[in-house]
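*Asks:* Numbering (this note's numbering), first residue to last: 1 to 161.
This is how it looks when you write it as structure tokens:
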């Protein structure tokens, strides 16, 4: 067991895991029903959820919006290879992607590329404009940019707790 796994196991017990699983599946579940399912009082359940948020175990509670249904039929997963000369350059790049309204996800990855980001747009022309804007702004640090069209979203953000 790694150091991180040991720390994780000591922070969160089985009730916490149950709460996270239930909230993953339905972020709108009423607190009373949630408390009943994990066999805790409503007040204790509220406190545990607050602690899970404060410790970062729960980043946010929300809904998964199907982009295909709400007017974004083109989803593109972009792999990006970069070369930064400073930590500040890297932070500016990540912050810019994070702030972009068409970028729905940004992750640092290992392997042949450094980042993956998901871009949601209405059509190929909009993707070209978004892509060109990002690539032009960061032309000095982007070495490679490979885009893959997403044809279906089957599962997202449910972790085996």
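Quick reminder that beta carbons are idealized off the backbone N, C-alpha and C, glycines included.
1. Please report the Cβ distance between residue 52 and residue 16, rounded to the nearest whole angstrom; I am assuming they are in contact, meaning their Cβ atoms lie under 8 Å.
2. Give the C-beta separation of residue 58 and residue 20 to the nearest angstrom, bearing in mind that I take them to be a contact with Cβ-Cβ under 8 Å.
3. At the level of alpha carbons, what is the spacing between residue 134 and residue 145?
4. Pairs of beta-carbons, one from the segment 119-134 and one from the segment 39-56, closer than 8 Å: are there three or more?
5. Output the distance between the C-alpha atoms of residue 138 and residue 116, rounded to the nearest integer angstrom.
6. Rounded to the nearest angstrom, what separates residue 84 and residue 119 at their Cα positions?
7. In terms of residues, what are the limits of the beta strand (DSSP E) holding residue 142?
8. When we look at the beta-carbon of residue 97 and count the other beta-carbons within 10 Å, is it buried (16 or more) or exposed?
9. Does the beta-carbon distance from residue 27 to residue 61 come in below 8 Å?
10. Can you give the beta carbon distance from residue 42 to residue 31, rounded, assuming they're within the 8 Å contact cut?
11. Please work out which residues of its chain come closer than 6 Å, Cβ to Cβ, to residue 90, disregarding the five sequence neighbours upstream and downstream, and give them in chain order.
12. Assuming residue 37 and residue 22 are in contact, meaning their beta carbons sit under 8 Å apart, how far apart are those beta carbons, in whole angstroms?
*Replies:* For this structure:
1. Taking the chain shown and counting its residues from 1, one reaches residue 52 at position 52. Taking the chain shown and counting its residues from 1, one reaches residue 16 at position 16. Residue 52 to residue 16, Cβ: 6 Å. Contact.
2. Locating residue 58 in the chain shown gives position 58, where the first residue counts as 1. Locating residue 20 in the chain shown gives position 20, where the first residue counts as 1. So it is a contact: roughly 7 Å between Cβ atoms.
3. Taking the first residue of the chain shown as position 1, residue 134 is located at position 134. Taking the first residue of the chain shown as position 1, residue 145 is located at position 145. Residue 134 and residue 145: Cα-Cα distance of roughly 11 Å.
4. no
5. Within the chain shown, residue 138 is the residue found at index 138, counting from 1. Within the chain shown, residue 116 is the residue found at index 116, counting from 1. The straight-line gap from Cα to Cα measures roughly 15 Å.
6. Taking the first residue of the chain shown as position 1, residue 84 is located at position 84. Taking the first residue of the chain shown as position 1, residue 119 is located at position 119. Spanning the two alpha carbons is a distance of roughly 22 Å.
7. For the purposes of this step, residue 142 is identified with residue 142 of the chain shown, where counting begins at 1. That run of the beta strand (DSSP E) goes 142-150.
8. If you number the chain shown from 1, residue 97 lands on position 97. When all chains shown are included, residue 97 counts as buried.
9. Within the chain shown, the letter at position 27 stands for residue 27. Within the chain shown, the letter at position 61 stands for residue 61. In this structure, residue 61 lies closer than 8 Å to residue 27 by Cβ.
10. Walking along the chain shown from the start, residue 42 turns up at place 42. Walking along the chain shown from the start, residue 31 turns up at place 31. The pair is a contact, with the Cβ atoms about 6 Å apart (cut-off 8 Å).
11. The residue given as residue 90 occupies position 90 in the chain shown. Around residue 90: 84.
12. By 1-based counting over the chain shown, the position of residue 37 is 37. By 1-based counting over the chain shown, the position of residue 22 is 22. Indeed, because the Cβ distance is near 6 Å, the residues count as touching under 8 Å.
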